[in-house]
Amino acid sequence: MAKTFEGKTVIVTGGTRGIGKAIVQELASRGANMAFNYARSADEAEQLTSEINAGGGKAFSMQCDVADTAASAEFVKAVTAEFGTVDFLVNNAGITRDQLVMRMKEEDWDAVIDTNLKGAWNFSKAV
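Here you go:
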């Protein structure tokens, strides 16, 4: 496979499971320096980081609540310290609360908006 991302640094929010994990693995296989956050899945993050590093890639992971503006900025700062720059951002982190809007509790609505919208804004601004 061509190393089309060789030397480029990519941040993927929510990179330990599902689509985010697949993005991390694919871009790492193409030579990218991978940085990804996790909310609660520290074991999965450690395993994925080890997998990439053992395969000759470079990976960095850190716990970060994307809805927290200061934490998002700290994450980007840590990635920049690790790799020198950020070339690409994939705002992948997202949650769902499987309810009709009219039945959804306000705290569930707030959590979805904070993660899915504010999280993308926080990281876009920090990068």
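Terminal number for the sequence shown in the numbering used here: 130, no gaps in between. Cβ atoms here follow ideal geometry from the backbone N, Cα and C, with glycine treated the same way. None of these values were measured; they are calculated from a predicted model.
Residue i vs residue j beta-carbon contact at 8 Å
i      : j      : result
Asn36  : Lys6   : no
Thr19  : Ala70  : no
Leu51  : Ser64  : yes
Val130 : Val79  : yes
Ala74  : Asp68  : yes
Thr83  : Asn125 : no
For residue i, the three-state DSSP class (helix, strand or coil)
i      : result
Thr72  : helix
Thr12  : strand
Gly17  : coil
Met107 : coil
Ala25  : helix
Val130 : coil
Ala5   : coil
Candidates the options: closest to residue i by CA position
i     : options                          : result
Glu85 : Thr19, Lys61, Val115 and Ala123  : Lys61
Val15 : Gly58, Gln66 and Asp46           : Gln66
Leu30 : Phe8, Arg43, Ser44 and Gly17     : Phe8
Ala42 : Leu120, Ile98, Met107 and Lys128 : Ile98
Ala48 : Gly17, Ile116 and Ala114         : Gly17
Three CB pairs or more closer than 8 Å across the stretch 100-107 and the stretch 22-39
In short, these stretches do not touch, since the Cβ pair count stays below three.
Alpha helix (DSSP H) segments (min. 4 residues) lying fully within the stretch 30-102
Taking 4 residues as the minimum length, the alpha helix (DSSP H) runs contained wholly in the stretch 30-102 are 45-57 and 72-86, in order along the chain.
Count Cβ pairs between the stretch 84-98 and the stretch 23-32 that sit closer than 8 Å; are there 3 or more?
The stretch 84-98 makes contact with the stretch 23-32: 3 or more CB pairs, one atom from each, lie closer than 8 Å.
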